[in-house]
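Engineer: Below is one structure. I have some questions about it.
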Amino acid sequence: MAPRLLGRLAYGSRYDRVPWGQRVYVRPGERLIREAQWRLLTRRAPVMELADYRQLRTLKEIEEFLSCMMCGESRQQPLFSPGGNGWRYHVVRCPGCGFLYRNPNIRPERLGDLYANGYSTFLTGNYAANRQRRYELTMQAFSPVFDEGKERRLFDFGSGVGLFLELAERRGFDACGVDLSPESVVQANERLSTARTYFGAPEDVPEIAAGGFDVITLWSVLAHLPRPLDDFARFRRLLAPGGVLLILTVNARSLLLKAYGRAWSGFTKNHLMFYSSQTIRTLLGRTGFAGVAFAPHYGDTVEAGTTRLPRPLVRRLRRNVELSDGGNMMRVLAFADEEAIGRWGGGPLTVHRLRA
Ligand SMILES: [Zn+2]
654 MAPRLLGRLA YGSRYDRVPW GQRVYVRPGE RLIREAQWRL LTRRAPVMEL ADYRQLRTLK
714 EIEEFLSCMM CGESRQQPLF SPGGNGWRYH VVRCPGCGFL YRNPNIRPER LGDLYANGYS
774 TFLTGNYAAN RQRRYELTMQ AFSPVFDEGK ERRLFDFGSG VGLFLELAER RGFDACGVDL
834 SPESVVQANE RLSTARTYFG APEDVPEIAA GGFDVITLWS VLAHLPRPLD DFARFRRLLA
894 PGGVLLILTV NARSLLLKAY GRAWSGFTKN HLMFYSSQTI RTLLGRTGFA GVAFAPHYGD
954 TVEAGTTRLP RPLVRRLRRN VELSDGGNMM RVLAFADEEA IGRWGGGPLT VHRLRA
């Protein structure tokens, strides 16, 4: 209530018609205020030894305590306890590298429990049309990587009900996927004609385990991975020379997180870890990738040109997205090797070289 009241006092009713997800990017001065708030929060939150932190939390059967997977730091800085209808978890910040993760986390062997029932209903309907539009816009942001799929192999990790594989096969890719939700896999294979998707892990499917992929895609999957270093080392091995890995995930440096805290849209029920452009560099560098590029996310309506915001506000939104680390979603293109950087790294993309 208090932040809304303050907003009303500061800005009157001028921005009432601007959707919530865009307000923090267009109200004058708000970016600086939210960033100062965040610095204050991370400075004030206590830093605890893992042993002390364990005393604070009860562990469910499918959970385990973690240290920071990116830098090994075991101390914990509790920040948020997001929750919703029948669920709640705890998000900590690593005082060493700033990584945000759920602690306790889900034991990897129990990950399937989260997707066993009813997950595919969540992935269809209105969600489907919006998702496919988001995939198209993201492919456009990384053009020409996805423009022409002929003679190229693509692997979609966490393929859900096949919404992206459908677009990939239309563009001519020789495409396949895996997913942990059995009912999603059935639905996907009904939808697809040339592409195929499988239940399980990549190493369970001989055609996928053999590797040699030109493109691997992770659409809103990264935040769900309990062992990201193992998974990314595997993705690196599965890529052909010159191959690229595309990632879409929630951005842990989003201005919306800084503004809304525990109510941030990125804290959804099944999310386990939350990356920024910094921590994702650590993950990619440690697993053998040669370079990375980012495409700022201005929001689907702004990018599709369907926004009703007046032009000066669109300009302000774009500027604040760029100044605040890329928007609410992070779009990442990782390059397997120098050959990949040479082939796909040109144009408007800035490639950051990574070191192991
Ligand atoms: Zn860390």
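Residue numbers for the sequence shown follow my numbering, so the first one is 654 and each next one is one higher.
Heads up, the beta-carbon is just placed ideally off N, CA and C, and yes, glycines get one too.
All of these numbers come straight from a predicted model, not from anything done at the bench.
From the DSSP output, in three-state form, read off M654 for me.
Structural biologist: Residue placement at M654 cannot be trusted, given a pLDDT of 48 that sits under 50; the coordinates are not used to answer.
Engineer: Between the alpha carbons of R667 and R996, how many angstroms are there, rounded?
Structural biologist: 47 Å
Engineer: Could you name the residues, in chain order, whose CB is less than 5 Å away from a heavy atom belonging to ligand 1?
Structural biologist: C721, M723, C724, E726, C747, G749, C750 and F752
Engineer: The alpha helix (DSSP H) with G995 in it runs from where to where?
Structural biologist: E991 to W997
Engineer: Per DSSP, what kind of secondary structure is N758 in: helix, strand or coil?
Structural biologist: strand
Engineer: Note down, in chain order, each residue of its chain lying with its Cβ closer than 7 Å to the Cβ of L719, except the 5 sequence neighbours on either side.
Structural biologist: Y754, N756 and N758
Engineer: Is T932 helix, strand or coil by DSSP?
Structural biologist: helix
Engineer: Start and end of the alpha helix (DSSP H) containing I715?
Structural biologist: I715 -> no alpha helix (DSSP H), and no H or E assigned at all.
Engineer: Using 10 angstroms around the beta-carbon of S796, count the other beta-carbons present and answer buried if the total reaches 16, otherwise exposed.
Structural biologist: exposed
Engineer: If you reduce the DSSP assignment to three classes, tell me which class Y851 lands in.
Structural biologist: Secondary structure of Y851 (DSSP, three-state): strand.
Engineer: Enumerate in chain order the residues of its own chain whose CB-to-CB distance from G998 is below 6 Å, with the five nearest sequence positions on each side excluded.
Structural biologist: V1004
Engineer: With distances taken between CB atoms, is the gap from I869 to F852 smaller than 8 Å?
Structural biologist: no
Engineer: For A821 and A848, which I take to be in contact (beta-carbon distance under 8 Å), what is that distance rounded to the nearest angstrom?
Structural biologist: 6 Å
Engineer: Could you name the residues that DSSP lists as bridge partners for C747?
Structural biologist: Answer is none; C747 lacks a bridge partner.
Engineer: By how many angstroms is the C-alpha of V839 removed from the C-alpha of E688?
Structural biologist: So the alpha carbons of these two residues sit roughly 45 Å apart.
Engineer: Assuming V955 contacts V985 under a Cβ cut-off of 8 Å, what Cβ separation, rounded to an integer in Å, is found between them?
Structural biologist: At roughly 19 Å, the Cβ-Cβ gap does not stay under 8 Å, so V955 and V985 are not in contact.
Engineer: Quick check on V897: does DSSP put it in helix, strand or coil?
Structural biologist: strand
Engineer: If I follow the unbroken alpha helix (DSSP H) through Y674, where does it start and stop?
Structural biologist: According to the sequence displayed, residue 674 carries Gly and not Tyr. According to the DSSP assignment, G674 belongs to the alpha helix (DSSP H) that extends over W673 to V679.
Engineer: Apart from the five residues on each side of it in sequence, which residues of its chain come closer than 6 Å, Cβ to Cβ, to S929?
Structural biologist: Cβ neighbours of S929 within its own chain (closer than 6 Å, five residues either side excluded): A905 and R906.
Engineer: T870 lies in the alpha helix (DSSP H); which residues open and close that run?
Structural biologist: Per DSSP, T870 belongs to no alpha helix (DSSP H); it is in the beta strand (DSSP E), F866 to W872.
Engineer: Helix or strand or just coil, what does DSSP make of L719?
Structural biologist: Taken through DSSP and simplified to helix, strand or coil, L719 comes out as coil.
Engineer: Enumerate in chain order the residues of its own chain whose CB-to-CB distance from Y951 is below 7 Å, with the five nearest sequence positions on each side excluded.
Structural biologist: Taken in chain order, the residues that qualify are L970, R971, V974 and G980.
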